[in-house]
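Residue numbers (mature numbering (1 follows the signal peptide of the UniProt record, and there is no 0)): -22 to -1, 1 to 418.
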Ligand code: ARG
């Protein structure tokens, strides 16, 4: 109550400033621009259309035409023989860290650096991600709300980066995948905001803290993991009651829930609890695939990760147990990805970038097509499907009137060779050109 007069004064103050400037200077008409290319991947229809002209006003697309007519007096960005696509979406990244920071000594990185270091470096990773054609990302886990600050700086236009949905510190059990002190001396303490919460009440409180501090989405650890010190890689780490509490509380606040889950049992428990997506999905079984379908749960499989972890992590000085755990899930995850594709599951593109270098996100497309998806399905996973999972249909994930003008272009043909998406030559976010290296 004591704060109320001050609060109203601030609100009133801002209101009068806004009113004064509106009276003095009418807002300028939004700039109109058009982007022309030889082809457009229509991800909603699952087809490629020729000779597109995308007309943009300010941040949004107003019209897409194919008749070759250019409205008078409009500036055209001509991409020649290139193929246009909607800006790509990665549903699972960690922009607050990169394996490039770990140069042979894992414990140097863990013990001598903290979230302040993450905050210094994360704008670099945001920029790399945007330059790679990913105009929207969901950041699933970050220390001390560095992700919230990063998202806000990008939204204000202070720094360049993709649109971000963020989770803040992920929830998880004591001793589990979200607990940073697991494996260290019991006398060592890390300071900062922790996602660790045990029991229904503590979990509800943690969800509320994350919502209060700016989270768009709630992330929790339904199972053990690879890059953490517990012995198992897939054992459930919350009871059914605890998982139900995460989802019930998050949904009450209008937030979707992403569950990290490798193990078959943990995946089923999380689906039964009502999560919106399963992350990793590595050991999903037949019953899990059925349940996901019944519940309409999205499955994310970060199927590129295995290559990078197995080739680089030992050299970087990660504990041998981590690399051993990766061997338990990597291959299995790809086989189960293939089963999920065959079963016609709802699938979205999520890479866990940050485990491997930012900007390499598109390397996962080729793995997805190698393991059973068509290039169009892989592209849809990273556009229309991803937008649906994020609750952003109508805003991102397609090139259509009313959508943000988030566009990318490649010189090659991504439908014949999906790896072309590793070489995005043109990136536009919200009508602003981030880069244009397309050679005409
Ligand atoms: N963040 C995940 C974990 O630590 C990475 C798993 C990577 N492995 C894989 N096969 N996708 O559990």
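Virtual Cβ for every residue (Gly too), placed ideally from N, Cα, C.
Quick check: is any heavy atom of the ligand ARG less than 7 Å from the C-beta of residue i?
i: residue 394; result: no
i: residue 260; result: yes
i: residue 333; result: yes
i: residue 115; result: no
i: residue 205; result: yes
i: residue 316; result: no
i: residue 311; result: yes
i: residue 227; result: no
i: residue 287; result: yes
i: residue 243; result: no
i: residue 284; result: yes
i: residue 308; result: yes
i: residue 330; result: yes
i: residue 348; result: no
i: residue 208; result: no
i: residue 157; result: no
i: residue 273; result: no
i: residue 336; result: no
i: residue 280; result: yes
i: residue 401; result: no
i: residue 304; result: yes
i: residue 169; result: no
i: residue 17; result: no
i: residue 240; result: yes
Just grab the DSSP bridge partners of residue i for me.
i: residue 27; result: 18
i: residue 88; result: Answer is none; residue 88 lacks a bridge partner.
i: residue 283; result: None; residue 283 has no bridge partner.
i: residue 174; result: 150
i: residue 410; result: 407
i: residue 201; result: 214
i: residue 62; result: 18, 387
i: residue 144; result: 117
i: residue 130; result: Residue 130 is not bridged to any residue.
i: residue 423; result: Since the first and last residues shown for the chain are -22 and 418, residue 423 lies out of range.
i: residue 53; result: 11
i: residue 382; result: 38
i: residue 257; result: 238, 278
With a 10 Å radius around its C-beta and 16 neighbouring C-beta atoms as the bar for buried, classify residue i as buried or exposed.
i: residue 6; result: exposed
i: residue 429; result: Residue 429 lies beyond the range of the chain shown here (-22 to 418); nothing can be said about it.
i: residue 399; result: buried
i: residue 146; result: buried
i: residue 59; result: exposed
i: residue 9; result: exposed
i: residue 307; result: buried
i: residue 402; result: buried
i: residue -1; result: Note that residue -1 scores 49 on pLDDT, short of 50, meaning its location in the model is unreliable; the coordinates nonetheless yield the value given after this. Residue -1 comes out exposed.
i: residue -3; result: Reliability fails at residue -3, whose pLDDT of 44 lies under 50, so the model's placement of it is uncertain and no value is given.
i: residue 218; result: exposed
i: residue 477; result: This structure does not reach residue 477, given that the chain is present from -22 up to 418, and the question cannot be answered.
i: residue 265; result: exposed
i: residue 148; result: buried
i: residue 323; result: buried
I'd like to know whether the C-beta of residue i is nearer than 8 Å to at least one C-beta of chain C.
i: residue 32; result: In the structure shown, chain C cannot be found, because there is only a single protein chain.
### Task
Check whether the segment 284 to 295 touches the segment 67 to 85, counting contact only when three or more Cβ pairs, one atom from each stretch, lie closer than 8 Å.
yes
### Message
Under 8 Å, with one C-beta from each stretch per pair, do the segment 65 to 72 and the segment 107 to 114 reach the 3-pair mark?
### Response
yes
### Task
Answer yes if the segment 94 to 110 comes into contact with the segment 118 to 130, meaning at least three C-beta pairs across the two stretches below 8 Å, and no otherwise.
yes
### Task
Could you tell me whether the segment 207 to 217 touches the segment 297 to 314, using the rule of 3 or more Cβ pairs below 8 Å?
yes
### Query
Do the segment 234 to 246 and the segment 197 to 207 touch if we need at least three Cβ pairs shorter than 8 Å?
yes
### Task
Decide yes or no for the touch test of the segment 239 to 254 against the segment 266 to 279: beta carbon pairs closer than 8 Å, at least 3 of them.
yes
### Query
Contact between the segment 308 to 322 and the segment 349 to 360: three or more CB pairs below 8 Å?
yes
### Query
Touch check for the segment 161 to 170 and the segment 187 to 196: three-plus C-beta pairs under 8 Å?
no
### Task
Decide if the segment 338 to 347 is in contact with the segment 33 to 46; the criterion is three or more beta carbon pairs, one per stretch, under 8 Å apart.
no
### Message
Under 8 Å, with one C-beta from each stretch per pair, do the segment 10 to 19 and the segment 27 to 43 reach the 3-pair mark?
### Response
yes
### Message
Under 8 Å: do the segment 218 to 229 and the segment 165 to 181 share three or more Cβ pairs, one atom per stretch?
### Response
yes
### Message
With three or more beta-carbon pairs closer than 8 Å as the criterion, would you say the segment 13 to 26 touches the segment 378 to 392?
### Response
yes
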